[in-house]
Structure formats: C-alpha cells, structure tokens
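One structure is given here, and the rest of the page talks about it.
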Amino acid sequence: MEHSSLLHGIEEGRDRIIVIGFGGQYMHLIARRLRERGFYAEIVPYTSLSREALEKPEVKAIVLSGGPPSVHSPGAPRLPRWVLELGKPVLGICYGFQLLATMLGGRVERGCDEYGRTRVRVLAPEDPLFRGWGPEEDTWMSHGDCVREPPPGARVLAVSENGYVAAFRAESRGAPVYGVQFHPEVSHTPKGGLLLENFASGIAGAEAWWNPGNLVEALVEDLRRRITKGKVLVAVSGGVDSTVTAVLLQRAVPGRVVAVLVDHGLFREGEVEETLRILRSAGVEPRVIDARGRFLEALRGVRDPEEKRRRIGELFAKIFRELVEEDPEIRYLAQGTLYPDVIESGAAPGADKIKSHHNVGGLPEWLGLEVVEPLREFYKDEVRRLALALGLPRELAYRHPFPGPGLAVRVIGEVTPEKLEIVRKASRIVEEEIRRAGLYERVWQAFAVVGDDRWVGVKGDRREEGYIVTVRVVESEDGMTADWVRLPYEVIDRISRRITREVPKVTMVTYAVTSKPPSTIEPQ
Ligand code: XMP
Numbered sequence: 031m032e033h034s035s036l037l038h039g040i041e042e043g044r045d046r047i048i049v050i051g052f053g054g055q056y057m058h059l060i061a062r063r064l065r066e067r068g069f070y071a072e073i074v075p076y077t078s079l080s081r082e083a084l085e086k087p088e089v090k091a092i093v094l095s096g097g098p099p100s101v102h103s104p105g106a107p108r109l110p111r112w113v114l115e116l117g118k119p120v121l122g123i124c125y126g127f128q129l130l131a132t133m134l135g136g137r138v139e140r141g142c143d144e145y146g147r148t149r150v151r152v153l154a155p156e157d158p159l160f161r162g163w164g165p166e167e168d169t170w171m172s173h174g175d176c177v178r179e180p181p182p183g184a185r186v187l188a189v190s191e192n193g194y195v196a197a198f199r200a201e202s203r204g205a206p207v208y209g210v211q212f213h214p215e216v217s218h219t220p221k222g223g224l225l226l227e228n229f230a231s232g233i234a235g236a237e238a239w240w241n242p243g244n245l246v247e248a249l250v251e252d253l254r255r256r257i258t259k260g261k262v263l264v265a266v267s268g269g270v271d272s273t274v275t276a277v278l279l280q281r282a283v284p285g286r287v288v289a290v291l292v293d294h295g296l297f298r299e300g301e302v303e304e305t306l307r308i309l310r311s312a313g314v315e316p317r318v319i320d321a322r323g324r325f326l327e328a329l330r331g332v333r334d335p336e337e338k339r340r341r342i343g344e345l346f347a348k349i350f351r352e353l354v355e356e357d358p359e360i361r362y363l364a365q366g367t368l369y370p371d372v373i374e375s376g377a378a379p380g381a382d383k384i385k386s387h388h389n390v391g392g393l394p395e396w397l398g399l400e401v402v403e404p405l406r407e408f409y410k411d412e413v414r415r416l417a418l419a420l421g422l423p424r425e426l427a428y429r430h431p432f433p434g435p436g437l438a439v440r441v442i443g444e445v446t447p448e449k450l451e452i453v454r455k456a457s458r459i460v461e462e463e464i465r466r467a468g469l470y471e472r473v474w475q476a477f478a479v480v481g482d483d484r485w486v487g488v489k490g491d492r493r494e495e496g497y498i499v500t501v502r503v504v505e506s507e508d509g510m511t512a513d514w515v516r517l518p519y520e521v522i523d524r525i526s527r528r529i530t531r532e533v534p535k536v537t538m539v540t541y542a543v544t545s546k547p548p549s550t551i552e553p554q
C-alpha cells in the first residue's frame, strides 16, 4: 500500500511534516502536538512509505515515532535507508531515536530501563532544538533499551539523570538528524511541545498555517466538487462529529441532504430534542425515525455485550437499507470518521478486538453507496474547533463522546425499560453535578451504569431491595487510555445523595476507581 496524501483537494502543496508511525498512540500525540502549534502533520505507517511522496518539497521534515520495545527483537520494524538520504531534517523519538542510532553506527543495548518522570541535563543549550530549555528539565521516558554509544560523529546534546544518552544530533546529506530518548509529545514533558515547535519551525522552517477553524470554506468546496449527482444520506446522533458533517453538507449541497436521526431509545435524557434544536438552528431538518420499539425488541433477553452490539449494528443496517430503498436518488453516505480511525483501520495487523465499535461499518459497500468523509483529516479537538467556526453552540462542540450503541452498553446484562430509565436519570444527575463543579470540559466522560446486582436498602423504616448504580468519571486524551477522576468528596457525596433520592429503586451508589487499562471506559 502506498501512502497518498490525505489532504485531498484542500490546501494541497502547503508545508507539512510527516510522522512515520511505528505503532501505538504516541504517533497520534506527536501529530496532534504539532498541529496544535499550527504545523500540519500527517502519519504514514512505516509499512506504507513512498520515496516519491516524501521527496515532495512541501514535506519539510520527518519525525520517527516511538514503537515496539526493542530494536533487537525479532521482526522489529526498520526504516529504509533512503529516508536519511532525502536531505530533510529528521527527529527520532524513543524507538525512532534508537533506530537512528543503530542505522548510523551507534550501539543500542538492552537493560537500561527508564520509566516515568526523568530529569534530563542539557549539554548543548545553544542547539536550536533546545531553545527555551533550562539546564535541567523534566521529561517522560518509557524504554528498556538505551543508546550506549552514539553514532560516530554525532554530538550528545542531553543526558538523563541515570547517565544515559537522552538526545543527540548527527547529520545526513547536509541535514540535521536528531534523536531524543524521551517523549516530547506527552504532557509530562513540560517543554516537549516547545521542542517539537523548535524542530518544525527553527530547524525545518515549516510554516505554521494549520488552523481547522479557517478550513470551513475549503471543506465545503471540496464536498461540492465531490457530490455531483443525487442525494447524500447522513445519520446524525447528536455528537459533534455527525453534526459537523451534516452542517458542512448542508452548506455544500443544500436540498440534497437526507439527514436522519434514528431514535433507538438508547439516548440520554433530552438528547433527541436537543439535537433537533441544534440542527434546525443550523438549517438541517433531520427526519426522525422512531425505532425505539424495534431496538428494545431486538435486545430482549440478550445479556452478552458483544451480542448486544451485533444486534444493534444489524438493526441500524436494516433501517439504512429501508431508507435507501425508499429513495433511489441517494447515492452517497456521509460519515463523521476521524483521522485516528483512518490510520488505525489500516495499521493494526493482528490487534486483538476488544469491542466492536461498529456504528455503520461495512455498510456503504453493501448498499452500493459512495462514502464521503469530510472529517477524515481531523482529530477530535480540531472538529470541536470546526464546530465553533460553523457557529454551532459550545455545549455541542465540547459535548462528551457517547457510544454508538448508546445506553445499551451502560446497562450491564439485559436492557430493560426499567434499567434504561435508571441509567438515564442517574446519568443526568452525574452530568449536572460535574457541570456544577465546573469540571465538565475537563473530563472525558461522566456517566452512570446499572446492572442486575441488588443491595438491601432502608428507606424510611421500610426494607427495599434496589439496584446498584456505578458512577464512572474519566479523564483521557483520546479514549485509548484513561484514568478515573479524583473527584472532590463533596461532589461524589452530592451525586450519591441525589441518585438515591431522585432515582427510584436505587439503594447504592459506587464510584469506579479503575483506569483503562485494565478496564475499558464503558462497562460493556
Ligand atoms: P472503551 O469502552 O472501549 O471506549 O474504553 C473507548 C471510547 O470509545 C467510546 N465507545 C464507542 N464509540 N461506538 C462509538 O462511536 C461504539 O460502539 C463505542 N463503544 C465505546 C467510549 O464511549 C469511549 O469514549
């Protein structure tokens, strides 16, 4: 598979930085950090490199991401030597650093673990990579191997508190080749963002032109060019991705957008009404398909989480087919696919399936529709900025992510109307209290979960056996890993009191205190 630029039609030919991905989430963080500072960065998996693409003058520099544990493990990914012969600045990070050291004749050894916060001493403060760094700074490390001997001719720019090489600078074809052992892309390296900016700007001379908020017109133009005939179907869910997709389409091809909101009865309280209000104010008039009875019926008696997801996906597909059969003018299906999904769908051979995050996967080919994905170059935080640029309300732009199968994955065991009602009411309380505490935009998700276990309660003087509601509040950068939020006790207390008082049949509230991994965020 050869890499072709994802910036189809918009802003082609403008400066960019290529992040060669060796796997893992760090590669996304690198691209995000660069983009946050205005440098457009694209990920190319190391298996899809094309010399022709990297030779283009708009590619200003190359970053090698972190990756597998060791360059010495069998089958460890390699980098073709020609990448170092392009005469472009290179920055290798962690695995990329060790790979560069090996390729340039240095020595990488096993057994020098550094994990977590590590202090680094800068030996070459005059080097442009370390502009703005003090003589000692905190960094984040995560490696078992280390560079024991730097490549011949390379200059060691920094060492770690344990005496290992933390950064070097070499040269290839007149261009600087940098390597850093630490992860500048993670927030635990406080000056890491500055280092990436130094590399992109001072060293590579890339222009900081990327600003998603300014791309609305280009995206609308591109959609107009591509949707030439017939209508485009877009399913809206109330989330920021599908809403932005629908509003862009409405601007591009008004009158030819078929927006549908499938009400599966698994939405949060007031979500359908709120979604309709926002879409209408943006000129999109969705058709609401009331499928609440059909979904409940499809889920009756099903306890297995994957089976629930499968049945929900199947019924979605059925409803879509009915819509397309009804209106033969529909030729396109628009989806709010984001950049990480575009990369991940091609780049994780052999990865274990944890959950079927379905939404409408595989459906378009089966329906014979052409897929339109206006957000495929964007990260979530960039879509939020697009939403604001489109004039959508801030509450929508910063709304927490919500899973496609809705509350069905927050009800453990069979989905019954009673348990749905409990989750819905309890989740509203959690959300209200998180907002009241001023934490809503600082947390990734905050919701309630219910299962079948009971707890004996006492209400008034009466015994009452009720449900156990678990509250889950997590912080996360991208949903791939997450940590539970250390809420103030008063907030937990208010949530607990309100849930047991306001939601019938609940006699116990618990707080989930496990990170991801080992848990996932949603219980099912
Ligand atoms: P997990 O539970 O796997 O979730 O840790 C990670 C993130 O993904 C969301 N999620 C989904 N999103 N369709 C979606 O669009 C799905 O089927 C789905 N399942 C989980 C989840 O809310 C969290 O943010």
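When the letters of the sequence shown are read in order and numbered with the numbering used here, they come out as residues 31 to 554.
Yeah, the Cβ is synthetic: ideal placement off N, Cα and C, and Gly gets one too.
Quick caveat, the model's predicted, so the values are computed rather than measured.
Kindly indicate which three-state DSSP category Arg346 falls into: helix, strand or coil? Sequence inspection shows Phe at residue 346; the Arg mentioned does not correspond to that position. Phe346 falls in the helix class under three-state DSSP.
Alpha-carbon to alpha-carbon, Tyr497 and Gly481: So the alpha carbons of these two residues sit roughly 7 Å apart.
Contact belief for Val557 with Trp514 at Cβ below 8 Å, rounded distance in angstroms: As shown, the chain starts at 31 and ends at 554. That puts residue 557 outside it, with no answer to give.
Boundaries (first-last residue) of the alpha helix (DSSP H) holding Arg81: 81 to 85 is the extent of the alpha helix (DSSP H) around Arg81.
Identify, in the order they occur along the chain, each residue of the same chain with its Cβ nearer than 7 Å to the Cβ of Glu139, setting aside the five sequence neighbours on each side. Within the same chain, Glu139 has close Cβ partners Asp175, Cys176, Arg178.
Are there any heavy atoms of the ligand XMP lying less than 7 Å away from the beta-carbon of Gly366, as far as the coordinates show? For Gly366, the Cβ stays outside the 7 Å cut-off from all heavy atoms of the ligand XMP.
Can you tell me whether DSSP reads Pro98 as helix, strand or coil? In this structure, Pro98 counts as coil in the three-state DSSP scheme.
With hydrogens ignored, establish whether the beta-carbon of Glu337 is closer than 7 Å to any heavy atom of the ligand XMP. It does not: the Cβ of Glu337 is nowhere closer than 7 Å to a heavy atom of the ligand XMP.
For the alpha helix (DSSP H) that Tyr56 lies in, which residues bound it at each end? Element bounds for Tyr56: 56 to 66.
Lys410 CB to nearest heavy atom of the ligand XMP below 7 Å: Taking the Cβ of Lys410 as the reference point, every heavy atom of the ligand XMP lies at 7 Å or farther away.
Do Gly243 and Ala419 come within 8 Å of each other at the CB atom, strictly closer than that value? Yes, the pair counts as a contact, with Cβ atoms nearer than the cut-off.
Express the C-alpha separation of Ala234 and Ala542 in angstroms, rounding to a whole number. Straight-line Cα distance between these residues: approximately 46 Å.
Please name the residue or residues paired with Val561 in a DSSP beta bridge. The structure shown does not extend to residue 561, since the chain is modelled only from 31 to 554, so the question has no answer here.
As an exercise, report each continuous beta strand (DSSP E) stretch of at least 3 residues that is fully enclosed by the segment 101 to 163, in chain order. Along the length of the segment 101 to 163, whole beta strand (DSSP E) runs at least 3 residues long occupy 120 to 123, 137 to 139, 144 to 152, reported in chain order.
Straight-line Cα distance separating Gly135 from Phe160: Approximately 24 Å, taken between the alpha carbons.
Any beta carbon of chain B sitting closer than 8 Å to that of Asp143? Absent from the structure is chain B; it holds one protein chain and no more.
Buried or exposed for Thr540, please, with buried defined as at least 16 other CB atoms from any protein chain shown within 10 angstroms of its CB. Thr540 should be labelled exposed.
Any idea what DSSP makes of Tyr470, helix, strand or coil? It is helical.
Is it the case that the Cβ atoms of Ser457 and Ala478 are separated by a distance below 8 Å? Yes, Cβ-Cβ distance for Ser457 and Ala478 is below 8 Å.
For the alpha helix (DSSP H) that contains Val292, what are its first and last residues? That residue, Val292, is in no alpha helix (DSSP H); its beta strand (DSSP E) goes 287 to 293.
Would the beta-carbon of Gly509 be found less than 7 Å away from any heavy atom of the ligand XMP? Flag set: Cβ of Gly509 near the ligand XMP.
So, using beta-carbon positions, are Ile464 and Glu532 closer together than 8 Å? Cβ atoms of Ile464 and Glu532: not closer than 8 Å.
Identify whether Leu422 lies in helix, strand or coil by the three-state DSSP scheme. Leu422 carries a coil assignment under DSSP once its states are collapsed to helix, strand and coil.
Output yes or no for whether 8 Å exceeds the beta carbon distance between Leu450 and Lys410. In terms of Cβ geometry, Leu450 and Lys410 do not form a close pair [threshold 8 Å].
Consider the C-beta atom of Pro220 and the heavy atoms of the ligand XMP; say whether any pair is separated by less than 7 Å. For the ligand XMP, not one heavy atom lies less than 7 Å from the Cβ of Pro220.
Any heavy atom of the ligand XMP closer than 7 Å to the CB of Glu552? Yes, the beta carbon of Glu552 sits closer than 7 Å to at least one heavy atom of the ligand XMP.
If you draw a straight line from the alpha carbon of Thr550 to that of Arg516, how long is it in whole angstroms? Roughly 18 Å separates the two Cα atoms.
Buried or exposed: which applies to Ser267, given that a residue is buried once 16 or more other Cβ atoms fall within 10 Å of its Cβ? Ser267 should be labelled buried.
Alpha carbon to alpha carbon, what distance is there between Gly204 and Glu144? Rounded to whole angstroms, Glu144 to Gly204 spans 32 Å at the Cα level.
Ile60 and Leu84: beta carbons closer than 8 Å? No, they are not a contact pair.
Under 8 Å between C-beta atoms of Val207 and Glu215: No.
Report yes or no: do three or more beta-carbon pairs, one from the segment 356 to 364 and one from the segment 254 to 269, lie closer than 8 Å? Segment contact: the segment 356 to 364 against the segment 254 to 269, three or more CB-CB distances shorter than 8 Å; contact assigned.
Taking DSSP's pairing of strands, which residues face Pro206 in a bridge? Answer is Glu201, bridged to Pro206.
Any idea what DSSP makes of Ser172, helix, strand or coil? Three-state DSSP puts Ser172 in a strand.
Could you pull the start and end residues of the beta strand (DSSP E) that Leu263 belongs to? Where Leu263 is concerned, the enclosing beta strand (DSSP E) starts and stops at 261 to 265.
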